[in-house]
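Just so we're aligned, residue 24 is where the sequence shown starts under the numbering used here, counting upward by one. Even glycine gets a Cβ: it sits at the ideal position worked out from N, Cα and C. In this text the structure is predicted, and so the values were computed from the model without any measurement. Only one structure is covered here, and it is reproduced in the block below.
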Amino acid sequence: MIIRNGLPADFPRLQEIEVDAGGPFRAFGMADIADMPPPTTEQLRSYLGRCWVAEADIVAAYLLADAVGGCAHIAQVSLDQRFRGQRTGQRLIDHVEQWAKANDLAALTLTTFRDIPWNAPYYERIGFRVVEPTPALAELVEHEASIGLDPDTRVCMRREF
Numbered sequence: 024m025i026i027r028n029g030l031p032a033d034f035p036r037l038q039e040i041e042v043d044a045g046g047p048f049r050a051f052g053m054a055d056i057a058d059m060p061p062p063t064t065e066q067l068r069s070y071l072g073r074c075w076v077a078e079a080d081i082v083a084a085y086l087l088a089d090a091v092g093g094c095a096h097i098a099q100v101s102l103d104q105r106f107r108g109q110r111t112g113q114r115l116i117d118h119v120e121q122w123a124k125a126n127d128l129a130a131l132t133l134t135t136f137r138d139i140p141w142n143a144p145y146y147e148r149i150g151f152r153v154v155e156p157t158p159a160l161a162e163l164v165e166h167e168a169s170i171g172l173d174p175d176t177r178v179c180m181r182r183e184f
């Protein structure tokens, strides 16, 4: 498995992965999350240079990041379900940590669902801790609420280097 920069040619595959990654939310009564549309080509294009993919024979997962409040913020990490349990997501997160260090960013942050096993509980296992939202993270939570993500079910998390 290699980690490389995402390219426009990858965008259709990233959209497929996003649809696949949404499916397991149905088991938690979150069909609205499962049915959210994948990022558009334009949205993905805006992440060029901050989009990484994990590739085996095919692209297995992707991660999108931003610099937010002096930290590297993981905007999205999604995985083809066939690659679960292979540390693919963790490899992407470790890669973005190296990018963050090279860009003098202070830590990794993300927002995620509090009680979904592959969300906050998973991130805690790989070194993230729940934190109170900084002003920059609070803006992201507000934006998420505007697109249908209930802030009462979400947490902000941070991983120090």
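Beta-bridge partners of residue i, as assigned by DSSP
i, result
"S101", "Y85"
"I26", "A77"
"T134", "C179"
"V164", "According to DSSP, V164 bridges with nothing at all."
"H96", "D89 and T132"
"V153", "M180"
Best match in the options for proximity to residue i [C-alpha to C-alpha]
i, options, result
"P61", "L87, R114, H118 and A130", "L87"
"D193", "I25, T176 and S169", "Nothing about residue 193 can be reported from this structure: the residues present for the chain run from 24 to 184 only."
"Q121", "D138, F136, E183 and V178", "E183"
"I40", "M59, N28, S69 and A83", "A83"
"I149", "L115, R73, A50 and D58", "L115"
"M180", "L133, R27 and P47", "L133"
"E78", "H166, P174, R110 and F136", "R110"
"L128", "I97, A161 and G108", "I97"
"R27", "F151, Y145 and C74", "C74"
"P144", "T157, P174, V178 and L172", "V178"
Residue i burial status per 10 Å Cβ neighbour count (16 or more: buried)
i, result
"N142", "buried"
"I170", "exposed"
"A168", "exposed"
"G72", "exposed"
"G52", "exposed"
"T63", "exposed"
"L30", "exposed"
"V153", "exposed"
Separation of residue j from residue i, as counted between CA atoms
i, j, result
"L131", "L102", "19 angstroms"
"L163", "R105", "30 angstroms"
"E155", "D138", "17 angstroms"
"A54", "Q38", "18 angstroms"
"F34", "T176", "29 angstroms"
"K124", "I56", "32 angstroms"
"G108", "F48", "17 angstroms"
"T135", "H166", "13 angstroms"
"R68", "A50", "31 angstroms"
"Y85", "P174", "24 angstroms"
"E65", "A32", "13 angstroms"
Cβ separation of residue i and residue j, assumed to be a contact under 8 angstroms, to the nearest whole Å
i, j, result
"A95", "V119", "6 angstroms"
"G112", "V100", "6 angstroms"
"G46", "M59", "Not a contact, Cβ separation roughly 12 angstroms."
"N126", "A159", "No, N126 and A159 are not in contact; Cβ-Cβ is about 16 angstroms, not under 8 angstroms."
Closer than 7 angstroms: residue i CB and nearest the ligand NAP heavy atom
i, result
"Y145", "As presented, the structure is devoid of all ligands, the ligand NAP included, so that no description of it is given."
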